[in-house]
Amino acid sequence: MGVLRFQRIPFRSSVGSSGLTQAALTLLLIICCSTQEYRAPPFIPNISFLWAWNIPSEGCAVNFNVHLDLNLFSLVGSPRKNARGQNITIFYNNRLGYYPYIEDKTGKVMDGGLPQTGNLIKHLAKVRKDIDHYIDVDMTGLGVIDWENWRPLWIRNWKPKDIYKNLSIELVHQQHAELNDTEAAKKAKADFESAGRCFMETTLKLVKDLRPNYLWGFYLFPDCYNGFKEIDYNGSCPDIEKKRNDKLDWLWKESTALFPSIYLSSKFESTLKAALYVRNRVLEAIRISEVHSVKHPLPVFVYTRPVFADIDLKYFSEEDLVNTIGETVSLGASGMVMWGGLNVSQNVQYCTDLDNYLKSTLNPYIINVTLAAKMCNQALCQDQGVCVRKHWNSSDYLHLNPENFVIQLERNGKYTVQGEPTLEDLQQFSQNFHCACYANVHCTERVDMSEVHTIKVCVPGDICIDTFLNSGPGGHPSSWKEKSATLSSILSSPTSSICSVHPRRQYSFVFIISELCTKQLKTTLIALMGFRTYYSKIWHLSY
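Written as structure tokens, this is what we have:
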């Protein structure tokens, strides 16, 4: 929602002696202004969209001398049990206290099995020890509790989790033989939900007290159960599930961050359904983030994977990245956590595949979408908020214009971005996105993009777009005009014969030019190609 431009309302002609008209206009302004969106401020200063790496890939360097480029990720941590002192830490069911659950495969009862038969005092004492072991006192980061064996709402424990319902009813019958089945089920539900809430709520309160510099929440909360079932699938979260999420008000109150998941199965591969699936899950998390205060929402960090959940090591295509990362960024989430299993570093081939995927596909796209988002934030929000789609169900994305930009992987292994935005690029952002202000910040959305004279945005690794815009005759001329003017002279150079575009198709995301090319020749070839091989498909989705 753009900020209202009050000067365009003709008060003198509309408001005079008519008190009714004045009251109506006042009411209209209140209604309109109340629709201003807000987002949580950056967890790390100047990092408007946080990237976290939560994949156990450290074995690639240690065992196979394959060093992955993770410079774009502000937080890096392994989910392995022996990893400690990390700025992103995930706690599975056997790493934080004595979480009561039943083993899925063996049926073995662990620490009481049911929340109402668990030992809360013993659990909290162990939580203290575990937090001291895994997280240093003065650290800042994300703390994610991953308890998935049972769900705190009784009705959501469908098969195979209905074992918790059945055992809870049996327990009530043992304790109250006089109750009939209906009465026993009613009491079992109340006992289970009360105890489950107690375990989750008190655990959150304790870890927040022990490590207040961490943001805490439960993985997969909120969920909206919008899996692909219908032929005419539109991705929407069922209304009943939204109402059930509202019943978890106590959980959102104690959480200091939300960690929803958008893991994709292969049935969503390169389909519009994937975008719809992700879009609605992220939007539900954003809705929940505002439950307690629209003006002070919780940060939303979306868990994703670079591979499909049901096929080991089948990496996302370019389109799949748009449907996951692109959707999440365009909706104004606070960041993303990249998660993966233990198999990524099992052997040298797996590590090499991951390294190649990072270089050719994932890192270039992260650079693209992050710089585009920061450029939009700077132009529209003056860095006091983030750009969010005007129409939530559109296919408008925050991407660099491939006509004006190219991302290169240099010989030294570093990425560079060449190009500069045009006024039309910024106007396109303004047309499709509006500004959601950071909490506790008064921001005014810029409407006239011709007022933007400089753009300076960077991502980790000193990968930047730093340029002057709308310069007059005495200003800073477009470097791209200067470079294109040298086209004919450079093409006649004998050096051009040793340059080539990388032959592998998966490098379509990053236009890699032979390391032997001179910088001047690279620039010329890029201008000649017109960048149409770079993100052409993605750009047409959003332009």
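Counting in my numbering, the sequence shown runs from 1 upward without gaps. Glycine included, C-beta positions come from ideal geometry on N, C-alpha and C.
So, at 8 angstroms on beta carbons, what are the nonlocal neighbours of residue i in its own chain, with the 5 sequence-adjacent residues on each side left out?
i, result
"K108", "I102"
"G118", "Y98, Y99, P100, D111, G112, A195 and F199"
"C437", "Q36, E37, Y38, R39, C381, Q384, G385 and C443"
"K242", "C224, E284 and R287"
"L321", "T361, L362 and Y365"
"P42", "S48, L50, S334 and Y438"
"G16", "Because G16 sits at a pLDDT of 35, beneath the cut-off of 50, its placement in the model cannot be relied upon, and the following sentence gives the value as read from the coordinates. Excluding residues within five positions, none has a Cβ falling inside 8 angstroms."
"D130", "F91, R95, L96 and G97"
"T202", "L120 and L124"
"S394", "N432"
"I155", "R244"
Alpha carbon to alpha carbon, what distance is there between residue j and residue i?
i, j, result
"P260", "E178", "42 angstroms"
"Q174", "L167", "10 angstroms"
"R128", "Y98", "11 angstroms"
"Y164", "L124", "22 angstroms"
"C387", "Q116", "45 angstroms"
"N404", "A52", "29 angstroms"
"V278", "H176", "46 angstroms"
"G414", "P45", "It is worth fixing the name first, because residue 414 is Lys in this sequence and not Gly. Near 24 angstroms, if we compare the C-alpha coordinates of P45 and K414."
"P297", "Y214", "17 angstroms"
"G59", "K186", "50 angstroms"
"V144", "I90", "5 angstroms"
"L354", "H391", "35 angstroms"
"I262", "V282", "8 angstroms"
"A83", "Q346", "17 angstroms"
"R305", "W339", "5 angstroms"
"K359", "T467", "26 angstroms"
"H292", "W216", "16 angstroms"
"K105", "I240", "30 angstroms"
"E269", "K229", "15 angstroms"
"L313", "F64", "18 angstroms"
"N401", "L423", "12 angstroms"
"T271", "L264", "11 angstroms"
"F218", "V207", "12 angstroms"
"V307", "H453", "40 angstroms"
"V344", "E327", "25 angstroms"
"V76", "Y350", "19 angstroms"
"K295", "L204", "23 angstroms"
"S430", "V447", "7 angstroms"
"K273", "K253", "32 angstroms"
"E193", "D425", "52 angstroms"
"D396", "P160", "39 angstroms"
"D146", "D138", "23 angstroms"
"Q427", "M449", "6 angstroms"
Rounded to whole angstroms, how far is the Cβ of residue i from the Cβ of residue j, which I believe are closer than 8 angstroms?
i, j, result
"N50", "G335", "Just to set this straight, residue 50 is Leu in the shown sequence, not Asn. So it is a contact: roughly 3 angstroms between Cβ atoms."
"Y92", "A439", "Not confirmed; about 31 angstroms, so no contact."
"I88", "L142", "5 angstroms"
"K374", "V302", "Incorrect: roughly 18 angstroms between the Cβ atoms, too far for contact."
"I367", "I465", "Actually they do not touch by this definition, with Cβ atoms about 10 angstroms apart."
"N356", "D69", "Their Cβ separation, rounded to whole angstroms, is 11 angstroms, which puts N356 and D69 out of contact at 8 angstroms."
"L559", "E148", "The shown model of the chain, from 1 to 543, leaves out residue 559, and the question about it has no answer."
"S74", "P460", "6 angstroms"
"N226", "N280", "5 angstroms"
Mind checking who residue i pairs with in its DSSP beta bridge?
i, result
"K456", "D466"
"M338", "W53 and T304"
"Y38", "C437"
"M139", "Bridge partners of M139: none, in fact."
"Y315", "V307"
"I145", "F91 and F218"
"I102", "V109"
"Y263", "DSSP, once it has assigned bridges, lists no residue as partnering Y263."
Output needed for residue i: all residues of its chain with C-beta closer than 6 angstroms, excluding positions within five of it in sequence on either side, in chain order.
i, result
"D136", "G85"
"H67", "A61"
"E170", "none"
"V172", "A184, K187 and A188"
"D191", "Q116"
"C237", "C224, N226, N280 and E284"
"I311", "S266"
Near residue i, which residues of its chain fall below 7 angstroms by C-beta distance, leaving aside the five closest residues on each side in sequence?
i, result
"C435", "L380, C381, G385, C387, C443 and E445"
"Q378", "I455 and V457"
"G341", "none"
"R197", "P152 and W250"
"T352", "V66"
"N54", "G77, P79, I88, I90, V337, M338 and W339"
With 9 angstroms set as the bound, which would you pick, yes or no: does the beta-carbon of residue i sit closer than that to a beta-carbon of chain C?
i, result
"P115", "Considering every chain present, this structure includes no chain C. It has just one protein chain."
Start-end ranges of the alpha helix (DSSP H) lying completely within the segment 174-224, minimum 4 residues: With a minimum length of 4 residues, the continuous alpha helix (DSSP H) runs that stay inside the segment 174-224 are 181-210.
Inside the segment 375-411 only - beta strand (DSSP E) runs reaching at least 3 residues: Taken in chain order, the whole beta strand (DSSP E) runs of length 3 or more contained in the segment 375-411 are 385-389 and 405-409.
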